[in-house]
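Enquirer:
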Amino acid sequence: MDNMNQIVNEAMKRIKNSDIEMLKIVKSEYLGKNGILTKILKSLLHYSIEDRKKIGFEANKAKTILESEIEKRKEGFKKALLVQKMQKEKLNFSPIFYFPFSKGSFHPIVQTMQDMILAFKSLGFSIAEGPEIETDWYNFEALNIPENHPAKDVQDTFYLDGTERLLRTHTSPGQIRVMEKLKPPLKVVVPGRVYRNEASDASHSSTFHQIEGLRVDKNVTLLDLKIILTKFIHIFFCYEPCIRFRPSHFQFTEPSAEVDVKCLFCKGSGCRVCKNLGWIEMLGCGIVHPNVLKSVNYDPELYSGYAFGIGVERIAMLKYGIDDIRLFYENDLRFLKQF
Ligand SMILES: [Zn+2]
0 MDNMNQIVNE
10 AMKRIKNSDI
20 EMLKIVKSEY
30 LGKNGILTKI
40 LKSLLHYSIE
50 DRKKIGFEAN
60 KAKTILESEI
70 EKRKEGFKKA
80 LLVQKMQKEK
90 LNFSPIFYFP
100 FSKGSFHPIV
110 QTMQDMILAF
120 KSLGFSIAEG
130 PEIETDWYNF
140 EALNIPENHP
150 AKDVQDTFYL
160 DGTERLLRTH
170 TSPGQIRVME
180 KLKPPLKVVV
190 PGRVYRNEAS
200 DASHSSTFHQ
210 IEGLRVDKNV
220 TLLDLKIILT
230 KFIHIFFCYE
240 PCIRFRPSHF
250 QFTEPSAEVD
260 VKCLFCKGSG
270 CRVCKNLGWI
280 EMLGCGIVHP
290 NVLKSVNYDP
300 ELYSGYAFGI
310 GVERIAMLKY
320 GIDDIRLFYE
330 NDLRFLKQF
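Here you go:
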């Protein structure tokens, strides 16, 4: 019996100190086919019935204890392995400060266009869009630009081969499309990309952006136009502008004007941006030509309107003090990252 206790104590000690491999060996040494306890149980035949009972009872008890201890130890190993595995596969949600890419931002032209649209929205204009591929009718004829007008010269316009379609040279065809769909009163801006067949330099590009504005109602006058443009410049540049209307000529407006604004940078005293003129040319505008109203079946005796076209690049150049339009299209990240 003393021997049995010794066997159990020893086995317990070994189980406690074993790793997974050693545990298998210990199990086989005590409980296996030729294990110590198995041998004892097998040898019971040689004892008297009384001893057989006593030794059998103790040996079975020892066997149960060791089995349970080995099982517990095994479970412990399984749990530890699982924890180890989970640690290994754990997803790391902590912020990674060394992420190598910086946050993107809008291109300065997109940003300027959005800000301009927002300013016009606050002045009660709605937004419309037109296609970049236009027909001769929308781009020229409906806008009172007759067949042999210089603006139709192939030097200025990209025609699509073999068709009478072209890349719009201004956002003004948007006016016609809006007026065809809606009846006056209307007050709308048409933003978009336009194309000219010309070489690029510091202030010209073959692709650029415009925002076209149009208001048609009864009794719309030049004064309404002047008020709205003054308000726009005020809202957009956060500056009380001094503007002047210079007589000009566009086929689709009569009278026509170009609007200069007193230089925002030098307040009129002359600087590099305004080429020492004190004034900066900002946009073209005028009272909608009666022929344009007629082309969309509006009665020019009843309705009048104003229209304006603003170059988005020009406004962005003024806002950010940029003196070369080509910078917008070169996609130099050192330039773009500043916005
Ligand atoms: Zn200036």
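Numbering that gives the first Met the number 0 puts the first residue of the sequence shown at 0, with every later residue one more than the last. Beta carbons: idealized from backbone N, C-alpha and C, even for Gly. As the structure is a prediction and not an experimental result, all values here were calculated from the model.
In whole angstroms, give me the CA-to-CA distance for MET316 and LYS230.
Expert: MET316 and LYS230: Cα-Cα distance of roughly 20 Å.
Enquirer: Quick one: what's GLY304 bridged to in DSSP?
Expert: According to DSSP, GLY304 bridges with VAL215.
Enquirer: Work out the CA separation of ALA256 and LEU213 for me, nearest whole Å.
Expert: So the alpha carbons of these two residues sit roughly 15 Å apart.
Enquirer: Taking buried to mean at least 16 other C-beta atoms within 10 Å of its own C-beta, is PRO347 buried or exposed?
Expert: Within the shown structure, residues of the chain are numbered from 0 to 338, placing residue 347 beyond reach of any answer.
Enquirer: Closest to ILE242 by C-alpha separation, out of ALA127, SER205, LEU282, GLU253, would be which residue?
Expert: With distances taken between Cα atoms, ILE242 lies closest to LEU282.
Enquirer: Spatial neighbours of GLU68 within its chain, please: C-beta separation below 7 Å, excluding the five flanking residues on both sides.
Expert: These residues qualify, in order along the chain: MET11, ILE14.
Enquirer: Based on the DSSP output, what are the partners of LEU166 in its beta bridges?
Expert: Per DSSP, ILE132.
Enquirer: Quick one: residues in its chain with C-beta nearer than 8 Å to the C-beta of ASN143, no 5 flanking neighbours on either side, listed in chain order?
Expert: Same-chain partners within the cutoff: GLN250, PHE251, HIS288, ASN290, VAL291, SER294.
Enquirer: TYR29 by DSSP, collapsed to three states: which one?
Expert: It is helical.
Enquirer: Please confirm whether any heavy atom of ligand 1 lies closer than 8 Å to the CB of VAL272.
Expert: Flag set: Cβ of VAL272 near ligand 1.
Enquirer: Using the rule of at least 16 other Cβ atoms within 10 Å of the residue's Cβ for burial, across every protein chain shown, is TYR194 buried or exposed?
Expert: It is buried - the Cβ of TYR194 has at least 16 other Cβ atoms within 10 Å.
Enquirer: Can you tell me where the beta strand (DSSP E) with PRO190 in it begins and where it stops?
Expert: PRO190 -> beta strand (DSSP E) spans 185-194.
Enquirer: According to DSSP, is ASP200 helix, strand or coil?
Expert: ASP200 falls in the strand class under three-state DSSP.
Enquirer: Can you tell me where the beta strand (DSSP E) holding THR252 begins and where it ends?
Expert: Looking at the DSSP string, the run of the beta strand (DSSP E) that includes THR252 is 252-261.
Enquirer: Would the beta-carbon of ILE242 be found less than 8 Å away from any heavy atom of ligand 1?
Expert: Not under cutoff, so the answer is no.
Enquirer: For chain B, is any of its Cβ atoms less than 9 Å away from the one on ILE227?
Expert: Of the protein chains in this structure there is only one, and it is not chain B.
Enquirer: Let me make sure I understand the geometry here. Which of GLY173, THR134, VAL187, ILE35 has the alpha-carbon closest to that of GLY161?
Expert: Of GLY173, THR134, VAL187, ILE35, the residue nearest in Cα terms is THR134.
Enquirer: Quick check: what's the CA-CA separation for VAL109 versus SER202?
Expert: Looking at the two C-alpha atoms, the distance is approximately 18 Å.
Enquirer: Can you list, in chain order, the stretches of the beta strand (DSSP E) that have 3 or more residues and sit fully within the stretch 274-338?
Expert: If we require 3 residues or more, the beta strand (DSSP E) runs fully inside the stretch 274-338 come out as 278-287, 303-310.
Enquirer: Just list the residues that DSSP pairs THR206 with in beta bridges.
Expert: THR206 is bridged to TYR194.
Enquirer: Quick check: is any heavy atom of ligand 2 less than 8 Å from the C-beta of CYS262?
Expert: By its list of ligands, the structure shown excludes ligand 2, since it contains just ligand 1.
Enquirer: Taking 8 Å as the threshold, find out whether the stretch 62-76 comes into contact with the stretch 15-22 through three or more Cβ pairs.
Expert: Touching, per the Cβ criterion.
Enquirer: What's the gap between the Cα of LYS89 and the Cα of THR63?
Expert: The alpha-carbon atoms of LYS89 and THR63 are separated by roughly 39 Å.
Enquirer: Three-state secondary structure (DSSP) at HIS233?
Expert: The answer is helix: DSSP assigns HIS233 an H, G or I state.
Enquirer: Figure out for me which residue from GLU131, VAL7, PHE334 has the closest Cα to the Cα of PHE207.
Expert: Nearest C-alpha to PHE207: GLU131.
Enquirer: Is SER202 near ligand 1, with its Cβ less than 8 Å from a heavy atom?
Expert: No, the Cβ of SER202 stays beyond 8 Å of every heavy atom of ligand 1.
Enquirer: Using a threshold of 8 Å, is the CB atom of ILE126 nearer than that to any non-hydrogen atom of ligand 1?
Expert: No, Cβ of ILE126 sits at least 8 Å from all heavy atoms of ligand 1.
Enquirer: Does the distance between the C-beta of CYS237 and the nearest non-hydrogen atom of ligand 1 fall short of 8 Å?
Expert: No, since every heavy atom of ligand 1 falls outside the 8 Å radius drawn around the Cβ of CYS237.
Enquirer: Does the Cβ of GLY285 have 16 or more other Cβ atoms within 10 Å, making it buried, or fewer, making it exposed?
Expert: Buried, by the Cβ-count rule.
Enquirer: With respect to 8 Å, is the separation between the Cβ of GLY320 and the closest non-hydrogen atom of ligand 1 below this value?
Expert: Not so, every heavy atom of ligand 1 lies at least 8 Å from the Cβ.
Enquirer: Tell me, to the nearest whole angstrom, how far the beta carbon of ILE126 is from that of VAL188; I am working on the premise that it is less than 8 Å.
Expert: With 8 Å as the limit, ILE126 and VAL188 qualify as a contact, their Cβ atoms being about 6 Å apart.
Enquirer: Helix, strand or coil for ILE242 per DSSP?
Expert: In the structure shown, ILE242 sits in a strand (DSSP, three-state: E or B).
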